[in-house]
Structures are given as C-alpha cells and as structure tokens.
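Asks: Just add 1 to wherever you are in the sequence shown, counting from 1, and you've got my numbering.
Yeah, the Cβ is synthetic: ideal placement off N, Cα and C, and Gly gets one too.
Bear in mind the structure is a predicted one, so any value in this text is a computation, not a measurement.
Below: one structure in structure tokens.
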Amino acid sequence: MKDLRKEQARLNFNIERLHHKGVCVVLEGRDTAGKSSTIREITHFLNPAKYSVHLSKKPSKSTMKKWLSYWSRRMPARDQIVFYDRSWYSRGMVQRLNNWCSEIQYNNFLEGHKNWEESRNVIMIKFWLSINEKEQRTRIENRKISPLTYWKFSENDENALSYYDRMTLLKERVIDGDWNVIDYNNKDTGILTLLKILNDRIEKI
2 MKDLRKEQAR
12 LNFNIERLHH
22 KGVCVVLEGR
32 DTAGKSSTIR
42 EITHFLNPAK
52 YSVHLSKKPS
62 KSTMKKWLSY
72 WSRRMPARDQ
82 IVFYDRSWYS
92 RGMVQRLNNW
102 CSEIQYNNFL
112 EGHKNWEESR
122 NVIMIKFWLS
132 INEKEQRTRI
142 ENRKISPLTY
152 WKFSENDENA
162 LSYYDRMTLL
172 KERVIDGDWN
182 VIDYNNKDTG
192 ILTLLKILND
202 RIEKI
C-alpha cells in the first residue's frame with residue numbers, strides 16, 4: 002500500500018506539471034482483466050479538473066460508420082489526461098470478436114488507425130492488461146455470484162472463455178511494440194506496475 006500511495010502522489014504531481022500536452026491512457030484487455038478497477042484506483046486522488054474517464058460501450062450504427070471520427074472528438078484537451086476503459090481499439094478486438102463490425106470496417110481500421118493516431122496532437126500511452134485463461138475463468142465465476150459485481154456480468158462474459166484463443170489472435174494483430182503489456186493475474190501488482198510505467202512516461206514528456 003505504501004508503494005501504491007507513493008505512485009499515486011507522484012502521478013498527481015506529474016499531471017499538474019503537464020504543459021500544453023494532452024495525454025491518452027488507453028487500457029485494453031479481456032473481459033474481467035481489471036480495466037475499470039485500475040482506473041478507479043489510479044485516479045482516486047487526482048484533481049478532477051485535470052482528468053476524465055471515457056467508458057467504451059457498444060456503439061450505435063451511426064458511430065460505427067464514423068468510428069475514428071467519433072474518437073477524434075474524445076481526445077484530451079491540452080494539460081489534460083483522459084483514461085480510456087476500452088478505446089478505438091475495440092474495433093480490432095471486441096467488435097470483430099462479436100461480429101459487430103463488418104469485414105470492410107475491420108480491415109479499414111487495421112490499415113488506417115496508425116496514421117490516425119499519428120495525426121492527433123496528443124501523447125498516447127497504451128496498456129494491455131494480460132490475464133491467462135484460468136484467471137479469467139475464476140474472475141467470471143466470481144462476478145456471477147458476487148453481491149457487489151454481479152451487475153457487471155453479461156452475455157459477453159459468458160462467451161469470453163470460448164473466445165479466449167480467438168481473442169488472442171485478434172489482440173496480436175494490433176498490440177505491437179507501442180504497447181505496455183502487463184501481467185494482471187495479480188491485479189494489485191499489475192496496478193502498481195502500470196502506475197510506475199505511466200509516471201515514468203509522463204515525466205519524459
């Protein structure tokens with residue numbers, strides 16, 4: 002806990018030092034990897050004026066047609082950090098996995114998302130929260146019966162394990178050397194590791 006509080010305080014200080022730069026912190030991972038809980042933990046002591054959180058959900062038909070344009074309007078302002086609980090990368094993974102997007106939309110994303118990112122005047126820090134199949138199974142079963150998290154359980158969770166290998170293939174097509182891949186089988190250790198990497202990166206801006 003002492004190390005966590007140290008990194009939280011460090012992040013608070015670092016965000017206050019941002020000058021004319023917007024920062025995107027992208028969190029992607031399998032269902033139950035810990036994206037939402039990580040964002041809650043690392044933003045717990047942050048100045049609300051300095052950050053916002055964008056929660057991704059199943060998009061409307063109009064949003065699907067203008068996918069990257071939709072995300073262009075959700076970039077951080079200067080001196081601000083935005084945390085994305087899933088992001089535009091949903092097209093390359095969750096949408097493709099669940100057949101929400103067409104093959105043309107999927108391929109256009111693969112061909113164009115890098116150029117789109119480079120055209121944004123922001124810093125992007127991307128994290129893949131990695132859990133193995135056994136850990137995902139345990140978390141899904143716990144989510145079903147927990148009086149605190151049962152409401153998070155969905156049909157997608159039910160299907161997640163049968164899609165584990167397919168998700169791996171989709172993930173490997175978009176998760177490259179720009180990403181920080183973190184072992185999240187132990188969530189507490191994962192959060193601390195993520196915070197340290199995030200702080201190190203922001204301090205270099």
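Contact check, glycine 191 vs glycine 35 under 8 Å by CB: the rounded distance?
Replies: For the purposes of this step, residue 191 is identified with residue 190 of the sequence shown, where counting begins at 1. For the purposes of this step, residue 35 is identified with residue 34 of the sequence shown, where counting begins at 1. Glycine 191 to glycine 35, Cβ: 7 Å. Contact.
Asks: Taking the alpha-carbon of arginine 202 as reference, which of Tyr90, Ile124 and Gly93 has the nearest alpha-carbon?
Replies: Residue mapping note: residue 202 aligns to position 201 of the sequence shown, counting from 1. Closest option to arginine 202, Cα to Cα, is Ile124.
Asks: Which of helix, strand or coil does DSSP assign to tryptophan 180?
Replies: By 1-based counting over the sequence shown, the position of residue 180 is 179. Residue state, collapsed to three classes: strand.
Asks: Among Thr194, Glu204 and Ser120, which has the Cα closest to the Cα of threonine 39?
Replies: As a first step, residue 39 is located in the sequence shown; it is residue number 38 there, counting from the start. For the residues Thr194, Glu204 and Ser120, the minimum Cα distance to threonine 39 belongs to Thr194.
Asks: So what does DSSP say about methionine 125, is it helix, strand or coil?
Replies: Here residue 125 refers to the residue found at position 124 when the sequence shown is read from its first residue. Strand at methionine 125.
Asks: Using a Cβ-Cβ cut-off of 8 Å, state whether tryptophan 101 counts as contacting chain D.
Replies: Of the protein chains in this structure there is only one, and it is not chain D.
Asks: Suppose the cutoff is 8 Å on Cβ atoms and the five residues either side in sequence are ignored; what does the same chain contact list for tyrosine 165 look like?
Replies: Along the sequence shown, read from residue 1 onward, the residue named residue 165 stands at position 164. Arg31, Glu134 and Gln137, listed in sequence order.
Asks: Run through the DSSP bridge pairs and tell me what phenylalanine 84 is partnered with.
Replies: Looking up residue 84 in the sequence shown gives position 83. As DSSP reads the structure, phenylalanine 84 sits in a beta bridge with Val26 and Val54.
Asks: Which residues in the same chain have their Cβ closer than 6 Å to the Cβ of valine 182, if we skip the five residues on either side of it in sequence?
Replies: Numbered from its first residue, the sequence shown carries residue 182 at position 181. Hits under 6 Å: Trp129 and Ser131.
Asks: Helix, strand or coil for serine 61? Go by DSSP, reduced to three states.
Replies: Reading the sequence shown from its first residue, position 60 is the one you call residue 61. Serine 61 falls in the coil class under three-state DSSP.
Asks: Quick one, are the C-beta atoms of cysteine 25 and tyrosine 71 less than 8 Å apart?
Replies: Numbered from its first residue, the sequence shown carries residue 25 at position 24. Numbered from its first residue, the sequence shown carries residue 71 at position 70. Result no, Cβ atoms of cysteine 25 and tyrosine 71 do not sit closer than 8 Å.
Asks: Below 8 Å on the Cβ atoms is my contact criterion, and I expect tyrosine 52 with isoleucine 16 to pass it. Report the Cβ-Cβ distance as a whole number of Å.
Replies: The residue you call residue 52 lines up with position 51 of the sequence shown. The residue you call residue 16 lines up with position 15 of the sequence shown. Right, the Cβ-Cβ distance comes to about 7 Å (below 8 Å), so this counts as a contact.
Asks: Alpha helix (DSSP H) containing arginine 11: first to last residue?
Replies: Sequence index remark: in the sequence shown, residue 11 carries index 10 (1-based). Run containing arginine 11: 3-17, per the alpha helix (DSSP H) assignment.
Asks: Looking at the strands, I want to know which residues DSSP matches up with leucine 130.
Replies: Within the sequence shown, numbered from 1, the residue matching residue 130 stands at position 129. According to DSSP, which records beta bridges pairwise, leucine 130 is partnered with Gly30 and Ile183.
Asks: Would you give the residue range spanned by the alpha helix (DSSP H) that lysine 197 belongs to?
Replies: By one-based count along the sequence shown, residue 197 stands at place 196. Unbroken alpha helix (DSSP H) run through lysine 197: 188-204.
Asks: Evaluate glycine 93 with the Cβ neighbour count: other Cβ atoms within 10 Å of its Cβ, from every protein chain shown; 16 or more gives buried, anything less gives exposed.
Replies: Counting from one through the sequence shown, the residue named residue 93 turns up at place 92. Under this definition glycine 93 is a buried residue.
Asks: If you drop the 5 nearest sequence neighbours on each side, which residues of the same chain put their C-beta closer than 8 Å to that of lysine 59?
Replies: Start at 1 with the first residue of the sequence shown, and residue 59 comes out as number 58. Result list for lysine 59: Trp101, in chain order.
Asks: Distance check for leucine 28 and serine 120, CA to CA, integer angstroms please.
Replies: Along the sequence shown, one-based indexing puts residue 120 at 119. Along the sequence shown, one-based indexing puts residue 28 at 27. Between serine 120 and leucine 28, the C-alpha separation is close to 20 Å.
Asks: Would DSSP call alanine 161 helix, strand or coil?
Replies: Here residue 161 corresponds to residue number 160 of the sequence shown, with the count starting at 1. The answer is helix: DSSP assigns alanine 161 an H, G or I state.
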